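Numbering (the working numbering), first residue to last: 277 to 537.
Cβ coordinates follow ideal geometry from the N, Cα and C atoms, glycine included.
The structure presented is a predicted model; accordingly, all values stated were derived computationally and were not measured.
Single-structure report; data block below.
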Amino acid sequence: MKEDGGRPSAVTASSVAASSVAAPPALELRGVSAAYGRFRALFGVSLSVPVGSVTALVGPNGAGKSTIARVATGLVPLTKGRIFLAGGDVTGLPTWRLVRLGVAHAPEGRSVFATLDVEDNLRLTFMRAFGRKGIGEALAHAFERFPRLADRRRQLAGTLSGGEQRMLALARVLTVPPKLLVVDELSLGLAPRVVDDVYRALREIRDAGTSLLVIEQQLPRALELAEQLVVLRKGQVVEAGPVDKLSDLARELLPRPPENS
Ligand code: ATP
């Protein structure tokens, strides 16, 4: 499989639609097992994320959802099985190679440069992705998406609140859309209005061709966005299919949101 030096591809919704007829999935796990030392966390997991669409991964606490995110992004090694990106076997590749192939992991990749201000953090990312000429437009887009960051553009990133740092990291990921974005509990600890902004941005990058695997404890949020659902329990896939067929099962498995309890 060809590496593209980490630059965003110019995939458009129409090119995805035209090519998705026989396109291999953006991500495919085949019979994947993984462990933390002697503790086995995944048992023969198979799932796929079709190109240009959103697959939500749901299941109770400790089911192994984050472990799947880590396995898919090279952070936890497999003990069995294989992983494919767009049909290419990437089993065993380190994270940096997967990043070059267009895989991003949020919020694992939330590190910000603490001693640089907000704007310089963004400039650095956008310079790499778009070159000097593209910085202005990318900055405007990021600030429009996250107005709070615009208010704080001259503040050192290390002095931002936890939520603001998360927003800054997200602004970097969402303004330079990857080919595959693995999203792990993005809404955790963010104010509802910010979560709305984040989901709007996820929808936009999906429409621009990014494929997404979304781990989300708030089922209604996941159902808003996803076309496919994978239900995980005790390290195994118990159901997988279109959202409308599986949402009742997922509701049974997931904890009720606080307002209903
Ligand atoms: P949650 O919804 O609560 O975040 P999850 O479905 O994402 O859970 P994982 O975080 O993938 O679940 O954890 C799966 C299992 O692996 C759990 O039993 C957990 O305790 C265990 N586990 C996760 N990380 C480690 C680790 N670093 N060392 C040992 N065990 C771990």
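Check, Outcome
"Just to confirm, does Phe371 get its C-beta within under 6 angstroms of one of the non-hydrogen atoms of ligand 1?", "Here residue 371 turns out to be Thr, not Phe, going by the sequence shown. Thr371 Cβ: outside cutoff for every heavy atom of ligand 1."
"Please name the residue in Met403, Ala414 and Asn337 whose C-alpha comes closest to that of Ala447.", "Ala414"
"Report the three-state DSSP secondary structure of Arg283 (helix, strand or coil).", "Any reading at Arg283 is ruled out, since the residue's pLDDT is 42, under 50, leaving its predicted position unreliable."
"Mark Glu420 as exposed unless 16 or more other C-beta atoms lie within 10 angstroms of its C-beta, in which case mark it buried.", "exposed"
"Under 7 angstroms Cβ to Cβ from Asp365, same chain only, skipping five residues before and after it: list those, please.", "Arg358"
"Kindly indicate which residue of Gly485, Thr401 and Asp524 has the alpha-carbon position closest to the one of Ala299.", "Gly485"
"Which term fits Arg404, buried or exposed, when burial requires 16 or more other beta carbons within 10 angstroms of its beta carbon?", "exposed"
"Cβ of Gly340 within 7 angstroms of Cβ of Leu369?", "no"
"Under 8 angstroms by Cβ, that's how I've got Phe389 and Asn397 pegged, so tell me the actual separation to the nearest angstrom.", "5 angstroms"
"Could you name the residues of the same chain whose beta carbon sits closer than 6 angstroms to that of Gly511, not counting the 5 residues immediately before and after it, in chain order?", "Ala317, Leu318, Phe319 and Gly340"
"Which same chain residues end up closer than 7 angstroms to Gly434 when comparing Cβ atoms and leaving out the 5 residues on each side of it in sequence?", "Ala390 and Thr391"
"Would you mind giving the Cβ-Cβ distance between Val347 and Val308, rounded to the nearest angstrom? I have them listed as a contact below 8 angstroms.", "6 angstroms"
"Buried or exposed: where does Lys409 fall if 16 or more other Cβ atoms within 10 Å of its Cβ makes it buried?", "exposed"
"Taking a contact to mean a Cβ-Cβ separation below 7 angstroms, would you say Val321 touches Ser487 in this structure?", "no"
"Regarding Gly338 and ligand 3, is the C-beta to nearest heavy atom distance less than 6 angstroms?", "As for ligand 3, it is missing from this structure, which binds only ligand 1."
"Any heavy atom of ligand 1 closer than 6 angstroms to the beta-carbon of Ala382?", "no"
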